[in-house]
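Read the structure below first, then the notes.
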Amino acid sequence: MRCPPVNLPLPLHNRQITSASAASSTLLSSMPTSPMHVPHIPQQSIPPQTVSPPQVHNANSSRAPDTTTKFVPFAANDISRYENRPLVDTAKKLDKIPALMRHFPNESCPWLSGDWQSCVHPEGVLYLYDDRRSVFTEATVDCNMFGLLDGWVDELNKLAQTNSVDLGADNIELVVQLVQTEAEDAEVLCHYYFVDHRARTLFWLHDRLHDPDQATGDIFSGLRGVTDPSHIRYSLESEYWTHCELYPNHQMDRLKIIKELRELVMHASAEIITSDVSLSPFDADELSRILGLISHLKENAEDNDPYSTCVIARFMHYFYRNKFFNFCGLPCARLEADKSVYEEDTNFYPLTSSVSLALNAMLFWAPQSHLEDLQKVWVDECINTPRWKDFNKNLMAEWTGITIYSTVMLAVDVSFLAVPNVNISQSQSIGIIATYLSIIFITGSLIVSVLLVRQNQRYGFESADKATDFLSHMTGTLFGVRALATVHSLPYAMLMWGMIYFAISILYNVFKSTTAAMLASVVSGCVVVTMFIFWFIWAAREFHLPDRLAKSIFPLIPARDTRS
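This is the structure we're talking about:
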């Protein structure tokens, strides 16, 4: 699932932050307090860290730029790995491969020195690792920035040691990333976070302010009401698994974690089989394939290779992010995917309610039906990926069917105009006007259906991140979700209007020139058909006027139970 307002995910893939703004230079100070199991840090205040560039004694570091640096806590999801990737320099070329060449060192970072080494991620990206100090960073830094970074790592380690963080333990790692602002008084922002593998969490030496406007992003992904430390833990643990996926160097207890992952997958599978409102971030087919992967992972559980670590960490991230968005472990936990955990808005908005009522009546209450379906998917402005995909499959089936009906009706309308008894020259005829209106509405239904199908093919089967961006954009108006529900209902409503105008045209031509016996037969047939139509509508409760009016004007009034 995934929640705006800051447009971040759940649970699928990481949205990376590409650059830092001047706002992110606000230093976050004083120690974090948390009842979670993290290295013990005494409760004391740390003044804002604005320090001149240290003298870095590094053989490969050249003169550092005249900048100031600030420590800024960030998270694993903020690492800018997937954006602004370096491009290949086509000006360089190799004329020949030397004779007897059997060793192939990586010369991408020739200025590396000391304990730093280059590592290749299973995805192929190059990153840097200092084994002695257990420090990671991206390999996109240059010589000057690397010299600064090496010095700031020492500064962070000193700051940690003064606060009783045991950096000698093999379960503590540090990730740093330097970002230079583009302002005139350029600053170098030292983004960092520590990792505690034993507690499976991230932690910092400064308070990480919960500010969605930070360049480092909102670690809560815009989720409201996050206050309980046990709830925050799930967010930090999902970030921990993202770290393990990005830097799969740590030797973890693979057997224990695989067992936990297997239990999570088995429970999610059982929930999907037995419930239509499962909270699982994966559908049944995906869970079945994950179980197959787990079986292969168990066979090589003792190897601790980075490929398997990435696979395990990615799946664990999805499940723990899912727990965070569903308030797992709290009295207000979400138990069904279509239920909100927040108090509903009981305010009455005259303008939106009046316009919605008018549109519902004009469009045969189709917007209300689509609104109810949307509200079961777009719950608390979050998306559950399997439910989102099922929702779009249903929309595709509906619009495809309407396209077929509209094509048939368009052919019928055009054929009707070719009937000899229909005099097209009498352009003022009610029958001709009704036929033209029918053609217009049917054509509109076809066009809107095609546009919606194309849009659905582009966004309907994307990840939760992109789906949330799309829905946030579409519903970010005065009418919110109702606007999107109205758009979704247009093909059906225009097809209905096209059929109604065609029926008017037929009846007008019949009543205008027919005998009394024929007129009586047609009227009788119309009455019978109309009775059957309204009988079906009443039996299916598709058009219960009082309830529809109540829902349109007062959306929070529960509809009357019609099952009795």
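Numbering-wise (my numbering), the sequence shown opens with residue 797 and increments by one. Ideal placement from N, C-alpha and C gives every residue a C-beta, glycine not left out.
With respect to the 8 Å criterion, ASN1100 and TYR925 are not classified as neighbours on the basis of their beta carbons. In its chain, beyond the 5 residues on either side, SER904, CYS905, SER914, LEU922, TYR923, LEU924 have a beta carbon closer than 7 Å to the beta carbon of ALA935.
Secondary structure note for GLU1033: its alpha helix (DSSP H) is the uninterrupted segment 1025-1042. Under the DSSP definition of a beta bridge, TRP912 partners with ASP926. Secondary-structure assignment with DSSP links CYS1178 through a beta bridge to VAL1175. Spatial neighbours of SER1026 in its own chain (CB-CB distance under 7 Å, excluding positions within 5 residues in sequence) are listed in chain order as GLY1125. Beta-bridge partners of VAL931 (DSSP): ASP926, LEU970. Contact between the segment 939-953 and the segment 967-977 is present: three or more C-beta pairs spanning the two stretches fall below 8 Å. Boundaries of the beta strand (DSSP E) harbouring CYS986: 983-992, taken from the DSSP string. If the five residues before and after ARG994 are omitted, its C-beta is found closer than 6 Å to the C-beta atoms of ASN967, all from its own chain and listed in chain order. In the structure shown, the three-state DSSP call for LYS889 is coil. Between the C-alpha atoms of HIS1166 and TRP1174 there is a straight-line separation of about 12 Å. The distance from the Cβ of LEU1159 to that of ALA1289 is about 4 Å, consistent with a contact at the 8 Å cut-off. For THR997, the pairing in a beta bridge is given by DSSP as ASP992. The C-alpha of LYS1052 lies about 16 Å from the C-alpha of HIS1113. For the 8 Å CB-CB criterion, LEU985 and THR997 do not form a contact.
Remark: C-beta atoms of ALA1281 and LEU1170 approach each other more closely than 8 Å. For VAL961, the closest of PHE999, GLY943, ASP1049 by C-alpha to C-alpha distance is PHE999.
Under the DSSP assignment, ALA1214 falls outside any alpha helix (DSSP H); it carries neither an H nor an E label. Relative to MET1062, the option among SER1091, LEU1191, SER1211 whose CA is nearest is SER1091. With a cut-off of 8 Å on Cβ pairs, the segment 1176-1190 is in contact with the segment 1250-1257, counting three or more such pairs. Every alpha helix (DSSP H) of 4 residues or more that sits fully in the segment 1259-1304 is shown, in chain order, as 1260-1271. Taking a C-beta distance under 8 Å as the contact criterion, PHE932 and TYR1043 qualify as a contact pair. The beta carbons of THR1105 and CYS1040 sit about 6 Å from each other, so the pair counts as a contact at 8 Å. Contact annotation, VAL1249 with TRP1195: C-beta distance approximately 5 Å; criterion of less than 8 Å satisfied. Spatial neighbours of LEU908 in its own chain (CB-CB distance under 6 Å, excluding positions within 5 residues in sequence) are not present. The Cβ atoms of SER1234 and TYR1297 sit closer than 8 Å to each other. Nearest to GLU1035 by alpha-carbon distance, out of ASP1049, PHE1016, SER1149, is PHE1016. Secondary structure at PHE1257: coil, using DSSP grouped into helix, strand and coil. Going by DSSP, LYS1052 is part of the alpha helix (DSSP H) stretching over 1050-1070.
In the DSSP assignment, GLN957 falls within the unbroken alpha helix (DSSP H) covering 939-957. Annotation: the continuous alpha helix (DSSP H) that includes HIS1113 extends over 1102-1121. Each residue's CA atom was taken as its position, placing LEU944 and PHE1123 some 41 Å apart. GLU1139 and THR886 have their alpha carbons spaced roughly 58 Å apart. In terms of Cβ geometry, LEU1291 and SER1241 form a close pair [threshold 8 Å].
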